[in-house]
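Asker:
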DNA sequence: ACACGGCCATGATGCAGATCAAGAAGCGGT
DNA sequence: ACCGCTTCTTGATCTGCATCATGGCCGTGT
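Protein chains in written order, with the numbering used here: chain L, 1 to 252; chain P, 253 to 504.
(1) Within its chain, find whatever has a CB closer than 8 Å to the CB of residue 137 of chain L; leave out the 5 residues flanking it on each side and keep chain order.
(2) Quick one: using the 10 Å Cβ neighbour count with 16 as the cut-off for buried, is residue 443 of chain P buried or exposed?
(3) At which residues does the alpha helix (DSSP H) containing residue 46 of chain L begin and terminate?
(4) I need the boundaries of the beta strand (DSSP E) containing residue 70 of chain L, first residue and last residue.
(5) Residue 100 of chain L: which of L:91, L:122, L:240, L:110 sits nearest, CA to CA?
(6) Cβ of residue 194 of chain L within 8 Å of Cβ of residue 237 of chain L?
(7) Counting only C-beta atoms, is residue 253 of chain P closer than 8 Å to chain L at any point?
(8) Is the distance from the Cβ of residue 450 of chain P to the Cβ of residue 370 of chain P below 8 Å?
(9) Please name the residue or residues paired with residue 407 of chain P in a DSSP beta bridge.
(10) Can you give the Cα-Cα distance for residue 492 of chain P and residue 60 of chain L, rounded to whole angstroms?
(11) For residue 411 of chain P, count neighbouring C-beta atoms within 10 Å of its own C-beta (all shown protein chains included) and say buried if the count is 16 or more, exposed if not.
(12) Would you call the segment 70-81 of chain L in contact with the segment 94-114 of chain L, where contact means no fewer than 3 C-beta pairs closer than 8 Å?
(13) Comparing C-alpha positions only, which one of P:470, P:367, P:467 sits nearest to residue 154 of chain L?
(14) With DSSP collapsed to three states, give me the class of residue 146 of chain L.
(15) Just checking: is the beta-carbon of residue 71 of chain L within a distance shorter than 8 Å of some beta-carbon in chain P?
(16) Provide the residue(s) that pair with residue 335 of chain P in DSSP beta bridges, ordered along the chain.
(17) Identify the continuous alpha helix (DSSP H) that holds residue 214 of chain L and give its terminal residues.
(18) Does the beta carbon of residue 72 of chain L fall short of 7 Å from some heavy atom of the ligand FAD?
(19) What number of angstroms, rounded off, separates the C-alpha of residue 376 of chain P from the C-alpha of residue 362 of chain P?
(20) Are residue 349 of chain P and residue 334 of chain P closer than 8 Å when you measure CB to CB?
(21) Short check: CB of residue 216 of chain L to CB of residue 202 of chain L, under 8 Å?
(22) With a threshold of 16 other CB atoms inside 10 Å of the CB of residue 247 of chain L, please say whether the residue is buried or exposed.
(23) Under the rule that 16 or more other beta-carbon atoms within 10 Å means buried, what is residue 437 of chain P, buried or exposed?
(24) Kindly say whether residue 67 of chain L, judged by its beta-carbon, lies nearer than 8 Å to any beta-carbon of chain P.
(25) Return the residues of the segment 200-218 of chain L that lie within a Cβ-Cβ distance of less than 7 Å from chain P, sorted by chain order.
(26) Per DSSP, which residues does residue 231 of chain L bridge with? Please list them.
(27) Just mark residue 27 of chain L as buried or exposed, buried being the case when its beta carbon has 16 or more other beta carbons within 10 Å.
(28) Mark residue 306 of chain P as exposed unless 16 or more other C-beta atoms lie within 10 angstroms of its C-beta, in which case mark it buried.
(29) To which residues does DSSP link residue 127 of chain L through a beta bridge?
(30) Whose C-alpha, out of P:304, P:495, P:339, is nearest the C-alpha of residue 432 of chain P?
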């Protein structure tokens, strides 16, 4: 008899893991787009000393859960993570997807408890950055303090873009916008912007975009028919960037 | 011949105003819920020294405009402000309403330019807080630094709630949720939570909630008919708090 | 190899809210 | 007190996406 995937590990606290090893941001190829971006050579070691890494999360494992005490923010090293929040009637609202080099968990600061949950979409390596250490460090490192403010500000503007997308754009526009966003974020990591594998299910995409699975399927089919996309299950190829941008319309 | 209201003052830069007077947060009755909340007696003067106040904004005057250089965040002293962002096809997306004691403008930090615009919904007094000064100050005042992080984090969770509202809730639920939110924020300022005047138009409400004016009108009428609300133009009275909460369903 | 469960695609139908239309009510300006 | 404009309300109709339903596919465990 098999376990239902959703039930795999309702809690996998990162810090309880035994074998932590020295973090080396310097050799991390993400350092240019991740937290260290704001930090000069000499100061980097101080940051490395507070960052914790541990064994990778497996697909569907929880990184943190809404309501639990807030201690760290997290940087994705590899894999992909979804952020979501549970409505009072038990449904899920996906609030974001996080790729390597991106930071999540900052919504927990205001209440000292996580306002959302985060779950690995595939096997993912995560760096945990204890926030009180980070706070102390940033008081003496203006560039780090500024970078943190900027990161949070960025999260705000991203959320505002999603709000706009949800309230003003059609299903086609929403899907096109998401695909372009993923493509751009891939480009930032020097990956292909025209061919990639979606780490999330159609359900997650629909949930994130305020649409049903069926609608996502139909939009993909339609876009495939018009030749702007090649869709093979989770494998996406953007055949006509121009047309896709057109389809996204003027969402951003 | 009369001017169209929308065209009133496309830019009213706060800092160009001549008569600035000493800010006194100490005697401000909002200090308990505003920025000074995090600051002890001795340190407060330093904060007061950097905060600028100037002559009130009139209805429909701009506080800041998307794309313009970011310099300050703003605290509402009196009146009400709407935050919005213009889509590429020229339409407006209202991203939030700000009442006395609330802070706005933090979305400008990430790019050093405002990502959204803000406009007074009625005559409003605003405190401008130059962000570079605030940054410097917060490096030496841990409680202020923390409070700023919390403020931004709060903005993120608020945006996530709106995202959820937009993508999961019906028109009735959205309107009920907004009314309850306003009621709660009134209560925080020791104003009536059951009777108040909406500072914003139906258009703004609809825009914020991802609905049309007509739908807002109909929802108000419906709620009036069932007796949970009394609506007289912008004057709102919540007659059945219980029922309204029910109608908001489990949005939060 | 096969069976089961989760995931995806596609068709048929329904409905909440958009759009279109028209009038009423509030309000600043003269 | 009146005019012109904007805002609000209410009704009639339309539509994009949800919902319901069904079958195919694909990966995983036995």
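We put the beta carbon where it would ideally sit given N, CA and C, even for glycine.
All values derive from a computational prediction rather than experimental measurement.
Answerer: In terms of the structure at hand:
(1) Apart from sequence neighbours up to five positions away, the residues of its chain that approach residue 137 of chain L with a beta-carbon distance below 8 Å are 46, 47, 50, 144, ordered along the chain.
(2) Exposed, because fewer than 16 other Cβ atoms sit within 10 Å of the Cβ of residue 443 of chain P.
(3) Segment 41-50, the alpha helix (DSSP H) holding residue 46 of chain L.
(4) Premise fails: residue 70 of chain L is in no beta strand (DSSP E) and is neither H nor E.
(5) Among L:91, L:122, L:240, L:110, the Cα nearest to that of residue 100 of chain L belongs to L:122.
(6) Yes.
(7) Because the pLDDT at residue 253 of chain P is just 34, under 50, the model does not fix this residue reliably, and the value given afterwards should be weighed accordingly. At a cut-off of 8 Å between C-beta atoms, residue 253 of chain P does not count as an interface residue with respect to chain L.
(8) The criterion of a C-beta distance shorter than 8 Å is not satisfied by residue 450 of chain P and residue 370 of chain P.
(9) In the DSSP output, where bridge partners are listed per residue, residue 407 of chain P has none listed.
(10) In this structure, the straight-line span from the alpha carbon of residue 492 of chain P to that of residue 60 of chain L is close to 43 Å.
(11) A buried status is given to residue 411 of chain P, since no fewer than 16 other beta-carbon atoms sit within 10 Å of its beta-carbon.
(12) Under the 8 Å Cβ criterion, the segment 70-81 of chain L counts as touching the segment 94-114 of chain L, having at least three qualifying pairs.
(13) Per the Cα distances, P:367.
(14) Secondary structure of residue 146 of chain L (DSSP, three-state): helix.
(15) Not one chain P Cβ lies under 8 Å of residue 71 of chain L.
(16) Answer by DSSP bridge pairing, in chain order: P:348, P:370.
(17) Unbroken alpha helix (DSSP H) run through residue 214 of chain L: 213-225.
(18) As presented, the structure is devoid of all ligands, the ligand FAD included, so that no description of it is given.
(19) Looking at the two C-alpha atoms, the distance is approximately 26 Å.
(20) In this structure, residue 349 of chain P lies near residue 334 of chain P, with their beta-carbon atoms less than 8 Å apart.
(21) In this structure, residue 202 of chain L lies closer than 8 Å to residue 216 of chain L by Cβ.
(22) Counting of Cβ neighbours within 10 angstroms places residue 247 of chain L among the buried residues, the total reaching 16 or more.
(23) Within 10 angstroms of the beta-carbon of residue 437 of chain P lie 16 or more other beta-carbons, which makes it buried.
(24) With a threshold of 8 Å between beta carbons, residue 67 of chain L makes no contact with chain P.
(25) Cβ proximity to chain P below 7 Å picks out 210 from the segment 200-218 of chain L.
(26) Partner(s): L:236.
(27) Classification of residue 27 of chain L: exposed, given that the 10 Å Cβ count is below 16.
(28) Taking all protein chains shown into account, residue 306 of chain P has 16 or more neighbouring C-beta atoms within 10 Å of its C-beta and is therefore buried.
(29) DSSP output for residue 127 of chain L lists L:53, L:75 as bridge partner(s).
(30) Ranked by how close their Cα comes to the Cα of residue 432 of chain P, the residues P:304, P:495, P:339 have P:495 in first place.
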